[in-house]
Structures are given as structure tokens and as C-alpha cells.
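**Q**
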Amino acid sequence: MGAIVASRTNRGTTRERLVSLIPTLRAFAISLCGDPCLADDLVQETLVKAWGHLDSFKEGTNLKAWLITILRNTFLSECRKRRREVEDGDGEHDLAINPEQFGKMDLNDLLAALTKLPPEQRVALILIAAERFTYEEVAKICGCSIGTIKSRINRARRKLADLLDIKSAEEFGPDVMCSAILSHTTGIRRRE
Amino acid sequence: VPKKGSLEGAHRDVEQKACKKITSTMHGKINNKRVASPDNMEIQARLGQKLRILYQDLVDEPIPKTFLKLLNELEKWER
Numbered sequence: 006m007g008a009i010v011a012s013r014t015n016r017g018t019t020r021e022r023l024v025s026l027i028p029t030l031r032a033f034a035i036s037l038c039g040d041p042c043l044a045d046d047l048v049q050e051t052l053v054k055a056w057g058h059l060d061s062f063k064e065g066t067n068l069k070a071w072l073i074t075i076l077r078n079t080f081l082s083e084c085r086k087r088r089r090e091v092e093d094g095d096g097e098h099d100l101a102i103n104p105e106q107f108g109k110m111d112l113n114d115l116l117a118a119l120t121k122l123p124p125e126q127r128v129a130l131i132l133i134a135a136e137r138f139t140y141e142e143v144a145k146i147c148g149c150s151i152g153t154i155k156s157r158i159n160r161a162r163r164k165l166a167d168l169l170d171i172k173s174a175e176e177f178g179p180d181v182m183c184s185a186i187l188s189h190t191t192g193i194r195r196r197e
Numbered sequence: 114v115p116k117k118g119s120l121e122g123a124h125r126d127v128e129q130k131a132c133k134k135i136t137s138t139m140h141g142k143i144n145n146k147r148v149a150s151p152d153n154m155e156i157q158a159r160l161g162q163k164l165r166i167l168y169q170d171l172v173d174e175p176i177p178k179t180f181l182k183l184l185n186e187l188e189k190w191e192r
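If you read the sequences in order, they're chains A and B. Per our numbering, residue 6 is the first one in the first sequence, and the count goes up by one each step. Per our numbering, residue 114 is the first one in the second sequence, and the count goes up by one each step.
1) Using a Cβ-Cβ distance cut-off of 8 Å, determine whether residue 163 of chain B contacts chain A.
2) How far does the alpha helix (DSSP H) with residue 151 of chain B in it reach, from first residue to last?
3) Given 8 Å as the limit, is there contact between the region 47-60 of chain A and the region 144-156 of chain A, that is, 3 or more CB pairs closer than that?
4) Would a C-beta distance cut-off of 8 Å place residue 34 of chain A and residue 47 of chain A closer than the cut-off?
5) For residue 29 of chain A, decide whether its Cβ has a neighbour in chain B, counting only Cβ atoms nearer than 8 Å.
6) When you compare only the Cα positions, how much space is there between residue 29 of chain A and residue 129 of chain A?
7) Just the Cα atoms here: how many angstroms apart are residue 164 of chain A and residue 79 of chain A?
8) So residue 20 of chain A packs on residue 184 of chain B, CB below 8 Å; how close in whole Å?
9) Please determine if the region 110-121 of chain A and the region 68-84 of chain A are in contact, where contact requires at least 3 C-beta pairs separated by less than 8 Å.
10) Taking residue 32 of chain A as the query, report the chain B residues whose CB atoms sit under 7 Å from its CB, ordered along the chain.
11) Could you compute how far the alpha carbon of residue 145 of chain A sits from the alpha carbon of residue 69 of chain A?
12) Name, going along the chain, the residues of the region 164-178 of chain A whose beta-carbon falls closer than 7 Å to a beta-carbon of chain B.
13) Using C-beta distances below 7 Å, list every residue in its chain close to residue 72 of chain A, excluding the 5 sequence neighbours before and after it, in chain order.
14) Check whether chain B comes within 8 Å of residue 135 of chain A, counting only Cβ atoms and requiring the distance to be less than that.
15) Please decide whether residue 157 of chain A counts as near chain B, where near means a Cβ-Cβ distance under 8 Å.
16) Identify each residue in the region 30-61 of chain A for which the Cβ-Cβ distance to at least one residue of chain B is less than 8 Å, and report them in chain order.
17) Give a yes or no on whether the C-beta atoms belonging to residue 165 of chain B and residue 134 of chain A are separated by under 8 Å.
Listed below in C-alpha cells is the structure:
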């Protein structure tokens, strides 16, 4: 009896932690599928699965990474089911989104471009570039090697620039953020 | 001028299109291969920046009530 009560108390705490991670799950899901409704379905399914498998979550490990893994797996199996996209394939036919001026690029253009990347590349890029996981963490989440993740990131970055038809950094307009943060997070040193 | 067929199929269209517009901004490619030129690095840095802004905007959205209801339901079922 005591054990059951204790378990329920833990679940209460876990519930709070789940709630605190919903914004992250939604951001990940929306950037993966580009559609808030589909994304919310994905988050819902993730929460149901997570709740049902809380016993398999090891306390003290990274709950966010665990949830992201569930969401990623759910998303990919949905992709396979629908056969809308081919994993790591190159659906190059409807490439350029061609915003008239990238400097004025709407974030929606970026979101649209993102959803044209092969799903595995999308996952890797978002987790590394936006969610700031390490390569090691992402490799673990995706169940592959760090080298594979690096390769997916490189391909995703190049393709994203192609999709948005960017020829020059000047097309972005004036820089608004601290370059130090960028060089740290992207591993790229800005031109002096 | 790039040789036809020397490109990977995946990037052919893009490469051809890009090669038509040989401008000063094209120094990201040498012999039709992408190189880590300062401009390419700058593009990638700026893309990363945009991506993080997009992502943060999404994170900052309020949590839809349906999720809180869902968690309530899950708790009820368990009892």
C-alpha cells in the first residue's frame, strides 16, 4: 500500500515535470511537421506513451531526452506509415521556395523549408541547432553514431540554404544577435 | 562551366541553377564543389540564428489546455 502511495506521489512530481516540458515537445513537433494540428497529435501521443511507460524511465536520467526520443520515434514511424517522405532521400523536385528577399524572410518560410528536409536530417538539425543537444546526445536519441549525425547535419544545412535559395549571407539583412553565441553553438567562426 | 553528369543527382538542379548565376557571392564553390568558404560559414551561422529564433518563438507559445486535460485523464484512468 505504502509503495503504491509513494508511486503515485512520484507520478505527481513527474506530471509537473511533463507539463514543464510540453513547450519543448511542441516546438520540436511543430518544427518537425510544420503543422500545429499534426504536431499537437504527435505531442499527445508522446505524452500518452510516456505516461504508460513511466516505469521504464530511469529516475535521475534526462527526462527531456527521453520524451524527445519517444516523439522522434513516433514521428518517424508516422512518416514511414504515410510514406509521404523517404528517409534520407532527396526529394529535390520542388526545391526552391524563393522568398523574394531572404532579408525579409518570414520564419514561416524557414519552417516550410525545414519540413522539406528528409525526416532524419530534420530531427538531427533541430536537436543540434535549435534544441542545443550535443552530438553525443542526439546520436543516442536517434540510435546511431555521432558520425552519422554529423553527416545528417551537414547535408541538412546545405539543403536548407539551397531550399531558401540563399547565395550570400548578406541576404539575411543586418545581424541582430551576438556573434559569439553563434560561433559557439554552430561551431563556426565568423569572418573577422 | 560545370561538367554535366559530374554532379551528384541529388544536388544537380541546385548546382546548375546556382552556376548560372556566377556572381561574387559564388566563391562558396570551387570546381563546382562546395567548400567551407567564409561566406558559406556566414550563411550557416545566420541560418542557425534564424532557426533558434523560430524555435524559441514556438517554445514561448502557451501550453494548449488540451494537454493539461489529457494528463488529468491519464491520472484518473490510473486510479
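C-beta atoms are modelled at their ideal positions from N, C-alpha and C, and glycine is treated no differently.
**A** In brief:
1) As a working mapping, residue 163 of chain B is identified with position 50 in the second sequence. Yes - at least one Cβ of chain A is within 8 Å of the one on residue 163 of chain B.
2) Here the question's residue 151 of chain B lines up with position 38 in the second sequence. First-last of the alpha helix (DSSP H) with residue 151 of chain B: 151-172.
3) no
4) Residue numbering aside, residue 34 of chain A sits at position 29 when the first sequence is read from its first letter. Residue numbering aside, residue 47 of chain A sits at position 42 when the first sequence is read from its first letter. Going by C-beta atoms, residue 34 of chain A is nearer than 8 Å to residue 47 of chain A.
5) The count along the first sequence starts at 1 and reaches residue 29 of chain A at position 24. Interface residue, yes.
6) Here residue 29 of chain A refers to the residue found at position 24 when the first sequence is read from its first residue. Here residue 129 of chain A refers to the residue found at position 124 when the first sequence is read from its first residue. Distance between the alpha carbons of residue 29 of chain A and residue 129 of chain A is about 15 Å.
7) Taking the first residue of the first sequence as 1, we reach residue 164 of chain A at position 159. Taking the first residue of the first sequence as 1, we reach residue 79 of chain A at position 74. The alpha-carbon atoms of residue 164 of chain A and residue 79 of chain A are separated by roughly 24 Å.
8) Sequence index remark: in the first sequence, residue 20 of chain A carries index 15 (1-based). Sequence index remark: in the second sequence, residue 184 of chain B carries index 71 (1-based). Rounded, the Cβ-Cβ distance is 6 Å, consistent with contact.
9) no
10) In the first sequence, residue 32 of chain A corresponds to position 27, counting from 1. Within chain B, the residues near residue 32 of chain A are 168, 171, 172.
11) As a working mapping, residue 145 of chain A is identified with position 140 in the first sequence. As a working mapping, residue 69 of chain A is identified with position 64 in the first sequence. The alpha-carbon atoms of residue 145 of chain A and residue 69 of chain A are separated by roughly 13 Å.
12) 165, 166, 167, 171, 172, 173, 174, 177
13) Numbered from its first residue, the first sequence carries residue 72 of chain A at position 67. The residues are 26, 30, 51, 55.
14) Locating residue 135 of chain A in the first sequence gives position 130, where the first residue counts as 1. So yes, residue 135 of chain A belongs to the interface.
15) In the first sequence, counting from the first residue as 1, residue 157 of chain A sits at position 152. No - not a single Cβ of chain B is within 8 Å of the one on residue 157 of chain A.
16) 31, 32, 35, 36, 45, 48, 49, 52, 53, 56
17) Here the question's residue 165 of chain B lines up with position 52 in the second sequence. Here the question's residue 134 of chain A lines up with position 129 in the first sequence. Yes. Within cutoff.
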